[in-house]
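Undergrad: Chains as they are written, first to last, in full-length UniProt numbering: chain L, 1 to 195; chain G, 1 to 97.
Where a beta carbon is used, it is the ideal one built from N, C-alpha and C, also for glycine.
1) Could you tell me which of 10/L, 13/L, 18/L, 35/L sits nearest to residue 188/L, measuring between CA atoms?
2) For residue 48/L, does the count of other Cβ atoms within 10 angstroms reach 16, so buried, or fall short, so exposed?
3) Mind checking residue 37/L: buried by the 16 CB within 10 Å criterion, or exposed?
4) Of the residues that make up the stretch 19-31 of chain G, which ones have a beta carbon closer than 8 angstroms to any beta carbon in chain L?
5) With respect to the alpha helix (DSSP H) encompassing residue 107/L, which residues constitute its N-terminal and C-terminal limits?
6) Under three-state DSSP, which class holds residue 37/G?
7) The alpha helix (DSSP H) spanning residue 16/L covers which residue range?
8) Which parts of the stretch 143-167 of chain L are runs of the alpha helix (DSSP H), unbroken and 4 residues or longer, counting only runs that do not cross its ends?
9) From the DSSP output, in three-state form, read off residue 75/G for me.
10) Does DSSP put residue 138/L in a helix, a strand or coil?
11) Just curious, the beta strand (DSSP E) that residue 61/G is in, first and last residue?
12) On the three-state DSSP scale, how would you describe residue 58/L?
13) So residue 20/G and residue 49/G are supposed to be a Cβ contact under 8 angstroms. How far apart are they, rounded?
14) Beta-carbon of residue 209/L versus every beta-carbon of chain G: anything under 8 angstroms?
15) Cα-Cα, which of 65/G, 75/G, 32/G is closest to residue 55/G?
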């Protein structure tokens, strides 16, 4: 694009369209973090359930200690990705605010867990998952995330009326719908777009 | 009566840079170079012109020990771009959105 000759109006319009087109429609999220958190929560909730239902181990909740480690990995990963990025879109910025709000809400919820009661915490966690993934899906225009997020609301409502042990299995189902399946889907779609 | 097309925007490369920046928050020089397929020298000159007019903001810094130039459109640039598109619509006789 070196030509400095006067432009025709139609050509101007074509340049504007072409440039706007080039910076949109590309799925920049490759699903890595959805898969990390999805599988981790899935395995932890199944592990917690298995330890609780089938062993006499006194501290089955210890499986959740993997969460802070995943948090550190996520921090490093996000910092590296933003260092690598050569462009920042409005969607990127929006997602940063959304997931920051999500993390703060999640930590608050964990902090308040003894006060709220264990039987109510996991359904509330599912509602937070629903917000995070549904809104992300909308911003990325990626339907599987939106559908998965919406399913989490339904699972959360059902889980409120079920005992704690059963809620652990429902939590695994919730993350499979909102993180694992859309995460793999996102990875495949991203790969196809970036070959 | 037709509005005059802003001569600063009515140039292939400058218009491309502005169109690119209008749809993102900020972009690195290397990204703009890649998308517009311009040479570094020419792009640098055109970016300076847009900066002098106050249409874009340019931030120079370092990333991983390499020089980095970040560009973002300014409110004045957004206004000029919108005015340019409106004028273009008049010329091309397009219905306004």
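TA: The relevant details are as follows:
1) As a first step, residue 188/L must be located in the first chain, where it is residue number 188. If we check each option's Cα against that of residue 188/L, 35/L comes out closest.
2) Along the first chain, one-based indexing puts residue 48/L at 48. By the neighbour-count rule (16 or more Cβ atoms within 10 Å), residue 48/L is buried.
3) Here residue 37/L is taken as the residue at index 37 of the first chain, counted from 1. Buried, because 16 or more other Cβ atoms sit within 10 Å of the Cβ of residue 37/L.
4) 19, 20, 22, 23, 24, 25, 26, 27, 28, 30, 31
5) Taking the first residue of the first chain as 1, we reach residue 107/L at position 107. From DSSP, the alpha helix (DSSP H) with residue 107/L extends over 90-116.
6) Numbered from its first residue, the second chain carries residue 37/G at position 37. In the structure shown, residue 37/G sits in coil (DSSP, three-state: anything other than H, G, I, E or B).
7) Sequence index remark: in the first chain, residue 16/L carries index 16 (1-based). First-last of the alpha helix (DSSP H) with residue 16/L: 9-23.
8) 143-159
9) Residue 75/G sits at position 75 when you count from the first residue of the second chain. Here residue 75/G sits in helix by DSSP.
10) The sequence position of residue 138/L within the first chain is 138, counting from 1. In the structure shown, residue 138/L sits in a helix (DSSP, three-state: H, G or I).
11) The residue given as residue 61/G occupies position 61 in the second chain. Residue 61/G: member of the beta strand (DSSP E) spanning 56-63, first to last residue.
12) Locating residue 58/L in the first chain gives position 58, where the first residue counts as 1. Three-state DSSP puts residue 58/L in coil, outside helix and strand.
13) Stepping through the second chain from its first residue, residue 20/G is reached at position 20. Stepping through the second chain from its first residue, residue 49/G is reached at position 49. No, residue 20/G and residue 49/G are not in contact; Cβ-Cβ is about 16 angstroms, not under 8 angstroms.
14) This structure cannot settle anything about residue 209/L, because the visible part of chain L is limited to 1 through 195.
15) Translated into the one-based positions of the second chain, residue 55/G becomes position 55. Out of 65/G, 75/G, 32/G, 75/G has the C-alpha closest to the C-alpha of residue 55/G.
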